[in-house]
Amino acid sequence: MKNLIFVLAITLSSTANIFAQKVAYVDLDYILNNVPEYKSAQEQLDQISIQWQKEIETRLTEVDRLYKAFQAEEILLTQDMKKKREDEIISKEKEAKELQKQHFGVDGDLFKKRQELVKPVQDKVYNAVKELAEKQLIAILFNKSADLNILFANPKYDKSNDVLEAMGFKPVDTKTK
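So our numbering is basically just the index in the sequence shown, starting at one, shifted up by 1040.
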């Protein structure tokens, strides 16, 4: 939404100059899906995520097993034994939740790993887009795959393949120029 307001503000404030300037767009999803490094990074992230998720599920299964065992034996336990078992269950559940937060939280391990693996590829794409825009004197370059709503886009203004070629990649998908 912010992007749309920003673009509209720029468009309205420079209506007189807009007709003299070149406008184009790229599809960043398409570009990234044609960069082997990005696909590899995504696959690595998926495997790491699955591994961490299994680890968390194993811990939560252990908590569930302990809880069911506690419920079955509760009548036979003394107050001290009950308290000790309850504390153990709560502690193990808390550990599992902390591990989940550590791996998948806002600034968790997955976020850091994504920054490590994907950010360099995104930076390469951004630099290629910037160079292309400067070289072809493009004033405004939209991202077709972002939240910005493009109701119609003439394929002749799509610079996605140009960006891929500037990065040294041959587009896998056939996208019209």
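Where a beta carbon is used, it is the ideal one built from N, C-alpha and C, also for glycine.
Would you decide whether residue i is buried or exposed? Buried here means 16 or more other CB atoms lie within 10 Å of its CB.
i	result
residue 1217	In this prediction, residue 1217 has a pLDDT of 49, which is less than 50 and means its spatial position is unreliable; what the coordinates show is noted afterwards. With fewer than 16 Cβ atoms within 10 Å of its Cβ, residue 1217 is classed as exposed.
residue 1040	Not covered by the structure: residue 1040. The range shown for the chain is 1041 to 1217.
residue 1067	buried
residue 1191	Bear in mind that a pLDDT of 48 at residue 1191, under 50, signals an unreliable position, so the model cannot answer this.
residue 1212	exposed
What residue from the options has the CA that sits closest to residue i's CA?
i	options	result
residue 1175	1182, 1199, 1153, 1159	1199
residue 1165	1065, 1063, 1062, 1071	1071
residue 1096	1065, 1114, 1139, 1086	1139
residue 1079	1186, 1182, 1161	1161
residue 1062	1181, 1094, 1115, 1077	1181
residue 1093	1113, 1144, 1195	1144
residue 1114	1195, 1126, 1087	1126
residue 1210	1090, 1076, 1163	1076
residue 1101	1159, 1202, 1135, 1197	1135
residue 1163	1203, 1090, 1119, 1177	1203
Taking Cβ to Cβ, would you say residue i is nearer than 8 Å to residue j?
i	j	result
residue 1081	residue 1157	yes
residue 1106	residue 1137	no
residue 1151	residue 1129	no
residue 1148	residue 1155	no
residue 1085	residue 1153	yes
residue 1206	residue 1179	no
residue 1065	residue 1196	no
Since residue i sits in a beta bridge, which residues does DSSP pair it with?
i	result
residue 1062	1178
residue 1073	Answer is none; residue 1073 lacks a bridge partner.
residue 1219	Outside the shown range of the chain (1041 to 1217) lies residue 1219, about which nothing can therefore be said.
Give the range of the alpha helix (DSSP H) segment to which residue i is assigned.
i	result
residue 1100	1076-1113
residue 1200	1200-1206
residue 1124	1119-1144
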